[in-house]
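What follows is a single structure, written as C-alpha cells, with notes after it.
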Amino acid sequence: MFAKVIGRRLILSAFILLAVSLLVFGATLLLPGDPARAILGQQATPERIAALNEQLGLNQPAWQRYFSWLGGLFVGDFGTSTASGGPVSELIGERIGASFVLMLLAGVISVPLGIAIGVWSALHRGRRRDQATTMVSLILASMPEFVIGIGLIALFATSVFQFLPAVTLAPPGEPVWNLPLQLVLPTLTLVLVVTPYIVRMMRATMIEVLDSGYVEMARLKGVPEQRVIMRHALPHALGPVAQVVAIQLAWLAGGVVVVEFLFRYPGLGQALIDAVTYRDVQVVQAISMLVAAVYVVVNLAADVVGILTNPKLRSAA
Amino acid sequence: MTTNPTTTDTVTEAGDHSVVLRLTDLRISTNADDEILHGVSFALKRGEILGLVGESGSGKTTAGLACMGHFREGLRYSSGSVSLWPRGDENAVEIVALDEVAVRALRGSRIAYIPQDPALSLNPAMRVGEQIREVLDIHGFGSSESERSARVAEVLGDVGLPGDKAYQKRWPHQLSGGQQQRIGIAMAFAMYPDVLILDEPTTGLDVSTQAVVLDTIRRMTVANDVAGLYITHDLAVIREISDRVAVMLRGDLVEEGPVAGVLENPQHEYTQMLMSAVPDLAGRKTIGAGAVEGSGGMTAAGATAVTKEEATSAEDSPDDGTSDKDTSNKDTSGERTTTILMDSPLLQAKDVALAYGKAQILDGINLTLNPGECTMLLGESGSGKTTLSRCIAGLNDDYSGQVQLWGETMAPSTRKRTNEQRVGVQYVFQSPFSSLNPRRSIGQSLSVPLEMSGEDNAAARKAKVEDALDAVRLGRSFYHRRPGDLSGGERQRAAIARALVNAPSVLVCDEITSALDVSVQASIIALLRTLRQERDLAMLFVTHNIALSRHVADNLAVLNKGKIVDYGPTGEVLENPTHEYTRELINDVPKF
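Protein chains in written order, with my numbering: chain A, 1 to 317; chain B, 1001 to 1592.
Shown next as C-alpha cells:
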C-alpha cells in the first residue's frame, strides 16, 4: 500500500519535471539576444554567424531542438556550453559539489535547530523566553538573505571583528571545503534565513498538539513529561513541519544564488548568474532543471514524512 | 447554598472504610483569581458510582480533574483537600499536597480517567494495544513482559473486545467510536484502579453504542470494586448508571443524594428546573414551557399572535388519538386540515439518492412536508441524515431524484435555484459556535441573506433583522453584539433568526440542539414550537435524539443506512414501530 502511494507520487513527479522542462525551454527561447552573436562578438560576419548557428543546431525548428535537448537530459548529456565550448555537465559538475556542501550544511544545522527551538518555545508558551523567541524569529524571517549576509560580513569580517573571510578564497579548481573557515559565513546566512520559518511553524503546531486530548490523556495516564513530549506530542507536530522544511530546503536550492553571489562562492548560483550574463542558454537550462528537480525531490520527501507520521494516511492511502 | 448543601453522609463520616476519595471544601480559581469552584465536597465509595450533573461551565470537569491533581491551563488550586485511600493502605494520601512525581505515580494506576471524546483522546499515531500497554509499563505492572502482555489481552477481553495480537496492532482510526471508548475503558481499568473519573464518556456516541458502553462501565465498576465519578449533563444516563447523584451549579454543589430520591423529588430549584427540561420519549410534559422568552423581550404583537393561535388550534383540534401526548401535536392538527386543500405539498423529496463510489449514502428517499408541519428525521451518525438535509437545502448537489417546493422541481444546487426557492428553504446548522462569523456583529450576519435576495434598501433590511431578533426573543439590543459575547443558546437563537429574516416556508434544522445544554435545548424547542404557530412554518428537524420526537414533531422518519425504515405520525411510529431498527432504538434510550 505504502509503496504504491510512493510509486504514484514518483510518476507524478516525473510528469511535473517534464512540464518544467517545457517551461524552461520555452523561457530560454524568449531570452533576448542571439547566442551565436554573443559568442562571436559584434564584429562577426553574417556568414560566420550562420555557420555557427548551423554547428549549434540553432536553425532547426524549436520543437526539434527541444526533443534533442530532452533526449540528452535522459542520458546525462546537458549539451555544450556556448561560452566555454566544453560540455555543460563538466562545467556544472565542479560547481554542484560546492553548492551541495553549502546546502547540506545549512539543512543539517537549521532543521534540528529550528525544531528544537520551536518545541522549547511552545513548552514555555506565553512566558518571556517564548515571546523573545517569537520576536527574534519574526525579525529574522522578515529580512532578505542579502541583508542578513551583509550584516554578518560587517559584524564578523570587516567593521566589527575581522576573523572570518568575507569572500571565498579558494582558487578555482580547488574544493571549497579545503578551507572550512570560508564556509562559515555563507552557511550562517542560509541558516539564519531558513531557521525562523521552521521555528515558527514548529511552535504553532506543537502548541496545537499540546492542547490536544491525547496529550492531556497521556498526562492523566501518569506518563512522565519527557515521554509525553517525545512520544505523544512530537510525532504529530512533525508532519506539518515537514512541509515547511521542504519548502525551505527547496528555497535553499534557489536562495544560494544570491548568497553565492554575495560571498563570491563558486557554486551553481554563480554559474547561473554567469550563464545568464553570457547568454549561455544550455547552462541556464541545465541549472534550472536541477533546481526544479531539487524542489520535486524535497517535496516528495516531505510527503513521505507526512505519511510516516500519520497512520491514517499510511493504512488508508 | 455555598458549601455542603445537603447531608454529606454524616452517619458514615467517621471510620467508613468504603470511602476511597473525599473532596473537602475544594476551591479552585483562575490565574486571574476568579473562583471557579466555591468549596466543593463529596465522597466516592467503593463499588459505587456518583453522578456529577451540571451544565457546561458549572465546573464539573474541573472538579473531576482536581480528583487527579490535574488543573487545566489557566486554573490553579487555592484551598481545600483531596484525600485518597488507596487499596490496602490505612492512611489517606493528600493529592493536592503531593509533588509532581508522586501525583504522576497515582494517575493511571490508582485514579484513572475516561475522557469525553475517545476519538480525540487516543493517540492517533499509536497502536491501541500499545496505548494500553504504556500504562502498565509506566506504572510497573507485574514482574515480567509476558505478564503485562497477558494483562493487556485480559483487560481487552473484559471490555468485550478481542484481545488477540492482530486487534492490538490496530490504529485508533480503524475502530468505531464505541470500540475506541472501550479501549479507553480498558486503559483505565488496566492497573486495577481505586477511583475512576468518567468525563461524559458517552456524549459523542449513538444511543445503541451508549447502551453498550454504559453496560461495560457498570459491569467493570462492580467487578473491580472501583469508586466511580460519572460526570455528565444527561440526567437520563445518570439514572441508568449511578447510585448517588450530585448537582453542580456555577461552581457550587447544590444537591446530593441517592439517584431515585434526587431525580424524583428534587429539592433545589435548579434541579427541579433541570428535571423539567429533560425530554422524554413518552412526551408526558411540555419541555421549556415558559422558557420561550430567552434573554430578550417578546414583542407585544408576537405575544398576542401566540395566544390567538393557541385559541384557534384548541378549538378545532379533533381528537386524533395522539392529542393527549403533546401540545405541539395538538397545535398543528388544525393547520393540517387546511393544508389538505392545497394540490401539492409544500416540500416533497422524490426518490432522492446519493452514492459516493460504492458507498450508497442515500437510497430512494421520499418525504413530504406540509405548511406548519414538523417532520423529525431521526438517525445515528453515518445514517445520511445530514447529507439528506443538505440535499434538500441545495448545499449538496450530487444527488439524483427530485426535491420539489410547491410542486415545482428545484435545481439540485442553490446556485441554480430561483431566488424564491432559495428564500423558501432555510438552513440552521448544528453548532452555533462555528456557524456565525465571530468578526461580524449579529446584525451584519443576519443582513446577509437579505442582501443576497437583494430586494430591500438598508433601512428595510435593518427593520426585518430587528423583527427576526424579536421573533427569536433575543430583542433588538442584540443587533450590534458579536457572537463572542453570546451564550450558546443565544447564538443558536441568532442563527435561527438568520434563517427567519427572509420569511422562509421551510426550516431545515440540522441537530440544532445537540451542542446545547438540556435547559437551553428546552428553551430552543419551545421557541421552535412558537415560531411554527406564529409563522405557519414547516420544519425538517434532524436529530439523533429520539427522546425529543414527541416534543417537536408531527411526523417521524427513521433513517438507517440511507434508507427510511419507518415513516409516519410520531405517535404511531413510537408505539408500533414496523422496523427492527426502530424497535432497537426505542429500547436503547435511557428512560426515566
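Cβ coordinates follow ideal geometry from the N, Cα and C atoms, glycine included.
Mapping the DSSP letters down to three states, classify A:Y197 as helix, strand or coil.
helix
Is there at least one Cβ from chain B nearer than 8 Å to A:S212's Cβ?
yes
Cα separation between A:D303 and A:K4?
13 Å
Between A:L262 and A:L210, what straight-line distance do the alpha-carbon atoms span, to the nearest angstrom?
41 Å
Quick one: Cα of B:Y1192 to Cα of B:G1140, how far?
13 Å
Shorter than 8 Å from the beta carbon of B:N1123 to some beta carbon of chain A?
yes
My assumption, with CB atoms under 8 Å, is that B:H1540 sits in contact with B:V1506. Please give the rounded CB distance.
Contrary to the premise, residue 1540 of chain B reads as Leu rather than His in this sequence. Confirmed, about 7 Å.
For B:V1135, which residues in chain A fall below 9 Å Cβ to Cβ?
K221, G222, V223
In its own chain, which residues sit with a C-beta less than 6 Å from the C-beta of B:I1496, not counting the 5 before and 5 after it?
V1428, V1472
Spell out a yes or no on whether the segment 1221-1240 of chain B and the segment 1046-1062 of chain B are touching, meaning 3 or more CB-CB pairs, one atom from each, closer than 8 Å.
yes
Residues of the segment 42-64 of chain A in Cβ contact with chain B at a cutoff of 9 Å, in chain order, please.
none
Under the assumption that B:L1516 contacts B:G1488 (Cβ atoms under 8 Å), give the Cβ distance between them as a whole number of angstroms.
5 Å
Chain-ordered residues of the segment 1159-1185 of chain B with a beta carbon less than 9 Å from chain A
W1171, P1172, H1173, Q1174, G1184
Cβ-Cβ distance between B:V1040 and B:L1253 below 8 Å:
yes
Pull up the DSSP beta-bridge partners for B:N1555, would you.
B:T1375, B:P1569
Interface residues of chain B facing A:H236 [CB-CB closer than 9 Å]
N1123, P1124, A1125
Would you call the segment 173-187 of chain A and the segment 78-92 of chain A in contact, with 3 or more CB pairs under 8 Å?
no
Excluding the 5 residues preceding and the 5 following A:G93 in the sequence, name in chain order all residues of the same chain whose CB lies nearer than 7 Å to its CB.
none
A:W342 burial status per 10 Å Cβ neighbour count (16 or more: buried):
What is shown of chain A runs 1 to 317, which leaves residue 342 of chain A out entirely.
When the cut-off is 8 Å and only beta carbons count, does A:H124 lie next to chain B?
no
Let's test the definition: count the other Cβ atoms within 10 Å of the Cβ of B:D1316 and tell me whether it reaches 16, buried, or not, exposed.
With a pLDDT of 41 at B:D1316, under the threshold of 50, the modelled position of this residue cannot be trusted; read the value that follows with caution. Its Cβ having fewer than 16 others within 10 Å, B:D1316 is exposed.
What three-state label does DSSP hand A:F161 in the structure shown?
coil
Identify whether B:M1248 lies in helix, strand or coil by the three-state DSSP scheme.
strand
Assuming B:A1227 contacts B:K1045 under a Cβ cut-off of 8 Å, what Cβ separation, rounded to an integer in Å, is found between them?
6 Å
Residue ranges of each alpha helix (DSSP H) run of no fewer than 4 residues wholly in the segment 1411-1449 of chain B, ordered along the chain?
1419-1424
Assigned exposure category for B:K1358 - 16 Cβ within 10 Å defines buried
exposed
Which class does B:C1509 belong to by DSSP, given the choice of helix, strand or coil?
strand
Short check: CB of B:V1501 to CB of B:L1446, under 8 Å?
yes
Tell me, please, whether the CB atom of A:P311 is closer than 8 Å to any CB atom in chain B?
yes
How long is the line joining the alpha carbons of B:Q1404 and B:A1557, rounded to whole angstroms?
18 Å
Using only alpha-carbon positions, find the residue among A:V223, A:A275, A:K312, A:T277 that is nearest to B:E1100.
A:V223
Measure how close the beta-carbons of A:G149 and A:T189 come, nearest whole angstrom, since I'm counting them as under 8 Å.
4 Å
Kindly say whether B:G1108, judged by its beta-carbon, lies nearer than 8 Å to any beta-carbon of chain A.
yes
Which residues, in chain order, does the segment 1191-1215 of chain B contribute to contact with chain A at a C-beta distance below 7 Å?
none
Boundaries (first-last residue) of the alpha helix (DSSP H) holding A:T236:
Position check: residue 236 of chain A holds His in this sequence, whereas Thr was assumed. Residues 234-262.
Within-8 Å CB hit, B:M1220 to chain A
no
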